[in-house]
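Read the structure below first, then the notes.
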Amino acid sequence: MSFRRLFAIMVKELRQMRRDRITLAMIVGIPVMQLVLFGYAINFTLRNLDTAIADQANTAGSRALIMDLQNTGVLNPVRDASSPQELMTMLRRGEISVGVVVPPDFERRRIDGREAVQILVDGSDTAVQGAAAQLAQTPIDSASTVDKPPAQISVVGFYNPERRSAINIVPGLIGIILTMTMVMFTAVSLVRERERGNMELLIATPVSSSELMIGKVLPFAGIGFIQTTLVLILGAWLFEVPVRGSLLDVYIAAVLLILANLSLGLMISTKAQSQFQAMQMTFFVFLPSILLSGFMFPFAGMPKIIQWLAEVLPLTHFLRLVRGIMLRGASLWELWPSMLALIAFTAVMMTAAILRFQKKLD
27 MSFRRLFAIM VKELRQMRRD RITLAMIVGI PVMQLVLFGY AINFTLRNLD TAIADQANTA
87 GSRALIMDLQ NTGVLNPVRD ASSPQELMTM LRRGEISVGV VVPPDFERRR IDGREAVQIL
147 VDGSDTAVQG AAAQLAQTPI DSASTVDKPP AQISVVGFYN PERRSAINIV PGLIGIILTM
207 TMVMFTAVSL VRERERGNME LLIATPVSSS ELMIGKVLPF AGIGFIQTTL VLILGAWLFE
267 VPVRGSLLDV YIAAVLLILA NLSLGLMIST KAQSQFQAMQ MTFFVFLPSI LLSGFMFPFA
327 GMPKIIQWLA EVLPLTHFLR LVRGIMLRGA SLWELWPSML ALIAFTAVMM TAAILRFQKK
387 LD
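Numbering follows the working numbering, in which position 260 of the sequence shown is assigned residue number 286; successive positions increment by one, without gaps.
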């Protein structure tokens with residue numbers, strides 16, 4: 027073996043890598059991104075959960091207790107409610123994660139040492155349910171005597187009372203699979219046509235650039251439908267994951283995510299020069315999606331600036347939709363902010379991809 031020739035090959039590869047700006051960006055960007063995400067964004071300690079309070083007693087004692095609960099740092103009161111039924115509606119719509127019910131006879135319950143406060147928790151997120159469980163240890167000044175037990179706070183988890191992880195994970199797997207496959211298939215498919223020289227033949231046909239791009243990616247939507255159906259069937263069969271809402275709403279939510287990911291894949295295909303670059307860029311998108319969307323790590327535990335970044339990701343909004351529909355029984359229209367976010371993302375990405383594709387043709 028000639029070390030001189032070996033060194034020459036190494037120099038050639040390094041020079042070629044230096045000309046590949048996307049690869050260079052990945053070499054630096056991926057370690058930095060992982061360091062920031064795992065060291066700064068990922069936090070298992072949940073704080074400031076969005077909370078609504080139904081203080082039906084409205085006494086000095088009830089207000090003091092609510093302040094004690096807030097001082098734990100777990101709750102972040104954002105709304106008031108008039109009844110437990112209103113709290114349940116807010117939970118179903120995903121507007122809050124925790125509801126606090128103080129009954130009208132709070133003072134009598136406190137003196138008698140009975141259950142004085144009830145905390146309702148959105149159990150579709152097991153991390154939220156675990157964080158809220160510690161609130162049951164909050165002391166209540168019950169003014170009880172030795173023959174009466176102290177007043178208690180009960181924590182009730184809805185939608186997943188057994189805290190089974192599969193109930194939380196399986197709906198999210200639909201989004202993970204659709205994000206990974208739709209973006210990658212679309213990005214690689216168009217770049218492959220360019221590498222094989224078929225793109226020039228397609229351009230020569232009497233079709234517009236928008237028709238060409240949309241026609242190339244729509245078949246992948248059928249693949250997404252098949253994947254969604256497989257996960258739903260296997261989830262119900264193997265793990266007894268319920269669909270408490272409308273099955274049609276689940277498929278509409280899946281369509282919105284499919285379109286968002288297809289448009290993102292189109293955008294990547296206009297930037298990538300090779301299939302390898304397309305795969306690299308897909309991974310660069312997929313990693314933040316799986317880490318920041320709330321699938322693996324609790325969304326509420328992330329810093330605000332990271333939460334703002336996660337709001338840009340389609341998977342974040344799909345998880346809110348699919349968990350709301352499947353686990354909480356919400357309708358698609360009750361979750362309209364996430365639906366609107368997916369539509370807006372698709373429109374922006376598709377328009378940008380088509381404009382960039384037209385520019386490259388010119």
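Glycine is no exception: its CB is placed at the ideal position from the N, C-alpha and C atoms.
| said: Suppose only complete runs of 3+ residues qualify. What are the beta strand (DSSP E) ranges in the stretch 90–145, listed by chain order? | reply: The stretch 90–145 contains these whole beta strand (DSSP E) runs: 101–106, 124–128.
| said: So if DSSP puts LEU75 in a beta bridge, which residue, or which two residues, is it bridged to? | reply: DSSP output for LEU75 lists LEU101 as bridge partner(s).
| field | Where the beta strand (DSSP E) through PHE184 begins and ends | value | Element bounds for PHE184: 178–184.
| query | Are there 16 or more other CB atoms within 10 angstroms of the CB of ILE35, so buried, or fewer, so exposed? | reply | By the neighbour-count rule (16 or more Cβ atoms within 10 Å), ILE35 is not buried but exposed.
| request: Note down the Cα distance separating ASN84 from THR254, rounded to an integer number of angstroms. | output: Taking the Cα positions, ASN84 is about 48 Å away from THR254.
| query | Three-state secondary structure (DSSP) at VAL147? | reply | In the displayed model, VAL147 falls within a strand according to three-state DSSP.
| said: Within the continuous alpha helix (DSSP H) that includes VAL200, where are the two ends? | reply: Contrary to the premise, residue 200 reads as Ile rather than Val in this sequence. Secondary structure note for ILE200: its alpha helix (DSSP H) is the uninterrupted segment 191–222.
| task | Below 8 Å on the Cβ atoms is my guess for THR71 versus ASN102; work out the distance and round it to an integer in Å. | result | Actually they do not touch by this definition, with Cβ atoms about 14 Å apart.
| request: Compute the Euclidean distance between the alpha carbons of GLY241 and LEU161, then round it to the nearest angstrom. | output: The alpha-carbon atoms of GLY241 and LEU161 are separated by roughly 54 Å.
| task | Pull up the distance between the alpha-carbon of ILE68 and that of MET328, whole angstroms please. | result | Using only the alpha carbons, I get a separation of about 6 Å.
| For ARG189, which residues of its own chain have a beta-carbon under 8 Å away from its beta-carbon, when the five flanking residues on both sides are left out? | When the five nearest sequence neighbours on each side are left out, the beta carbons in the same chain lying within less than 8 Å of the beta carbon of ARG189 are those of GLY149, THR152, GLN155, GLY156, GLY183, in order along the chain.
| Within the 7 Å Cβ cut-off, does SER108 reach chain B? | Among the chains in the structure shown there is no chain B, since it carries only a single protein chain.
| query | Measuring CB to CB, does THR212 end up less than 7 Å from VAL243? | reply | For THR212 and VAL243, yes; Cβs fall inside 7 Å.
| said: I'd like to check one pair, SER236 with ILE380: are the Cβ atoms closer than 7 Å? | reply: A contact, by the Cβ cut-off of 7 Å.
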